[in-house]
Structures are given as structure tokens and as C-alpha cells.
């Protein structure tokens, strides 16, 4: 929704000049090193995520998903005899770090990378990667502005589009909660997260044939954690009855955790017939140790919604790496590597030019039981989207129950 972009300033001006000079200076040295382009030995794969800071918990799971896929591939002998090696790169949740991160990866001989926790980060990192000749797969970004056409020639995206995520969520909410007529909104102040609500709202209206009424909309900075003033404003503006009210959340990770912790004393969590979210809720739900409020969530993967050999193996192997169940962020990291490995196998090496040419048409089986396929024109992969209700439950694994699952390919959402 796993993953949720930030309105961050993309590298420009002097930074762009420095980036260009650095790229020219370092490309020559890295191309002759035993990195991603080597025909023997180890293929290094950069993993670009905010491993420090407010979203470090989510990034940790995303990185462990990458490691799980790498471990599985290496245990089978690698790709044509070449093992994969993960190289972490902390972007600190800042688009202004894109040049530094990609330059550092390039200096280490890394020419293939995955990551990008938000759409703004994906854009900055994709553009920086292109300057260094690095193939970059956006695993967690969702904005349709990044693809078709792609934001850069070297950029490919396996994260599913926010427009498809919200449409799936809107359709499910309209079917399950037809009596909800008025919605409150609490979201990050970003174009993508604002769009989460407007797209969901429009889909509900399309399905029900009725205009959706918004009571109170509150948008907060992505770095904020103190919401007391905003939540008090929502609490004091309530209209109608509980049965006719819904709450839409356009936050994730630490934002969702802070919201719940501060909304609970105000009684807000009990004021709605449904709370819905587009984004990662699993890690927050687990952290609340059985007290997580029910939230209807949409993302690409929920571990218990599928029963097939691929998912069984993924869960078991992820537990070996992380000691816990995988969330959608872990799944996204895992699938980015699965798709990248398919391209490497098709190319016959980790050479970035060959891998880029091999990307169109590659496919991989996902733990959902659906196949992910990369489109060569849009540079975006058609993959599964899942809606489910997550609730605190001390009798369930990791104290979270997952029910009301529905999985469809994004291309099948009408």
C-alpha cells in the first residue's frame, strides 16, 4: 500500500548539476566493476527505502520481503548460477536524497534497484537512477503519473495504481455499507492521499447512484504525529447517526498508529459504522496487540486471504527472515525481486541495458495465486488487488483477524 506519497521537492538547480557531473564521473568506474552488470559471481540489487525515521518500521518489513525473495532464489542456485545480494540504501523519506542514494549505489557497482516507498520518492529516485544507468523498479509507489509514459526510461513499476486500489475499495464499501451516507476524512496532505478519498468517493457514488456527502475533511503534514486539535474538530462536527457515518483514512504506518491512539480517548473509533483505509494497516494493527479497531483496508496482499503453495512458501520463508507474518509491503518487496529476477533470467545477465530490454512481457506468479505481468509500453505491471477487514483479535495470529477478503487483478476492475 503496501503502499502513500509525500509532496516533497524533487532535486533541482545545483543538485541536478552535481548529479549530472557525478554520474558522468562514476559511470565509467562502476561499469567495469563486478556489480550488477557482471556476467559471473554476484548480482547486487539496491533496496532504496526510508530505513530510518518515522516510516522505518514499514521499510524494515519491505526490505525483509526483498531479502526473502533473494534467499529463495539463491537457495535454488541463483539466476543462471549468479547469486543476488541486497544492498540497502536509506533515502530518509526525502526526495532530496535521491541523487546521493543513487550515486552511492552506483559507486558500489549496483546497477539494479528496487524500492520507492512513496510516489514522490519514486519519481525523484527514478530520475536519478536514469542518470546513472540504473534500472529502478518502483515496488511501493502507486501514482499513475509515474507510468504510461514512464517517468524515466529506466523506471518500471510493480506497485498497483492508486486509481485501481481506490476503485476496488469504493466498490467493496458501497456493497457492504449501503446505509453509510456521510463520511469524515483524515488524510495526509499530499496529492496522492487526497486522491485516495476523492477516487473512493466517486466510486461509491458510481455504484450506489447517490451523491456521497463529506462532513469534515482534515489533511495533515506527512511528518505530523500530534493530531489532537484536528481530531477534536472532527469529534465536534458529527452529524446523523452512527449507522449512517463512515470515516476514511488516507494515512498509513506511524500516521495510522498515532491517529488510533489519539482518537480512542475521544470516542471517535466508536462513532462510525465503518472505518476504511487505502494504505498499509497491518503493521499498525499488529502493534496494537489485539486492540486494533476494525478497518476495511485495500492493498495488494493479506497473508490469510490466499491458500496456495506459493503463498504457503512465502509465509514460511518470510518468517525465517523476519520472525513474523508478511504484510503487503513485504509482499511488494518480494514481488519486485521476483519480477526483476525474471528479467535477469530473460536477459541472461545483470547488465542493466539487457535487463531493461528484457522487462516487457515478463511475468511471475504471486502469493495471491494471480500472475503479475509487465506491460512494455506503460512500464507498469498488472497485478492483484485485495480488499479485507482487519480487526484486533487476541485469538488470531499476531492478534489480528483478516476477513471479508476479495482479490482481483487490477485489469479486471471495471
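Numbering (our numbering), first residue to last: 54 to 467. Note that the Cβ used here is the ideal one computed from N, Cα and C, for glycine as well.
query, result
"Quick check: the stretch 313-325 against the stretch 174-193, are there 3 or more CB pairs under 8 Å?", "no"
"Residues in its own chain within less than 6 Å of residue 74 by CB, not counting five upstream and five downstream?", "In this predicted model, residue 74 has a pLDDT of only 36, less than 50, meaning its place in the structure is not dependable; the value taken from the coordinates is given anyway. If we look at residue 74 and ignore the five residues flanking it on each side, it has no Cβ neighbours."
"Could you give the distance in angstroms between the alpha-carbon of residue 83 and the alpha-carbon of residue 161?", "Bear in mind that the predicted position of residue 83 carries a pLDDT of just 38, short of 50, making it too unreliable to give a figure here."
"Could you spell out where the beta strand (DSSP E) holding residue 268 opens and where it closes?", "266-273"
"For the candidate residues 467, 279, 244 and 422, whose alpha-carbon lies nearest to that of residue 310?", "279"
"Which residue marks the beginning of the alpha helix (DSSP H) containing residue 314, and which one marks its end?", "307-316"
"My output table needs one value for residue 451: the three-state DSSP class, helix, strand or coil.", "helix"
"So within the stretch 215-263, which uninterrupted beta strand (DSSP E) runs reach at least 3 residues, ignoring any that extend past its ends?", "235-241"
"Tell me the start and end of each unbroken beta strand (DSSP E) in the stretch 420-449 that is at least 3 residues and wholly inside, in chain order.", "424-427 and 437-445"
"From which residue to which residue does the beta strand (DSSP E) around residue 367 run?", "Unbroken run through residue 367 is the alpha helix (DSSP H), 362-375; no beta strand (DSSP E)."
"If you follow the beta strand (DSSP E) that residue 136 is in, where does it begin and where does it stop?", "136-143"
"Going by beta-carbon coordinates alone, are residue 464 and residue 213 separated by less than 8 Å?", "no"
"So, using beta-carbon positions, are residue 455 and residue 437 closer together than 8 Å?", "no"
"Out of 178, 143 and 352, point me to the one whose CA is closest to residue 442's CA.", "352"
"Measuring alpha carbon to alpha carbon, tell me which residue in 139, 231 and 287 is nearest residue 300.", "287"
"What is the rounded straight-line gap between the Cα of residue 123 and the Cα of residue 139?", "8 Å"
"To the nearest angstrom, how far is it from the Cα of residue 396 to the Cα of residue 192?", "15 Å"
"Who are the Cβ neighbours of residue 389 in its own chain at under 6 Å, not counting the five residues just before and after it?", "167, 190, 192 and 211"
"If we count Cβ pairs, one from each stretch, closer than 8 Å, do we get three or more for the stretch 380-388 versus the stretch 104-121?", "yes"
"Secondary structure at residue 461, three-state DSSP: helix, strand or coil?", "strand"
"Give the secondary structure of residue 353 by DSSP, where H, G and I count as helix, E and B as strand, and everything else as coil.", "coil"
"Helix, strand or coil for residue 397 per DSSP?", "helix"
"Rounded to a whole number of angstroms, what is the C-alpha to C-alpha distance between residue 198 and residue 204?", "8 Å"
"From the DSSP secondary-structure annotation, give me the bridge partner or partners of residue 197.", "According to DSSP, residue 197 bridges with nothing at all."
"Run the CB neighbour count on residue 419, radius 10 Å, all protein chains shown included, and call it buried at 16 or more, exposed below.", "buried"
"Whose C-alpha, out of 421, 153, 400 and 326, is nearest the C-alpha of residue 234?", "326"
"Please classify residue 316: is it buried, with 16 or more other beta-carbons within 10 angstroms of its beta-carbon, or exposed?", "buried"
"How many Å lie between residue 304 and residue 107 at the Cα?", "13 Å"
"Between the stretch 358-374 and the stretch 331-342, do three or more beta carbon pairs fall short of 8 Å?", "no"
"Using only CA atoms, which one of 333, 230, 263 and 297 lies nearest to residue 112?", "333"
"Does the stretch 395-414 touch the stretch 370-382, meaning 3 or more C-beta pairs lie closer than 8 Å?", "no"
"Flag this pair as yes or no: are the beta carbons of residue 346 and residue 313 separated by less than 8 Å?", "yes"
"By DSSP's criteria, residue 174 is part of a beta bridge. Which residues make up the other side?", "Note: residue 174 sits in no beta bridge, so no partner."
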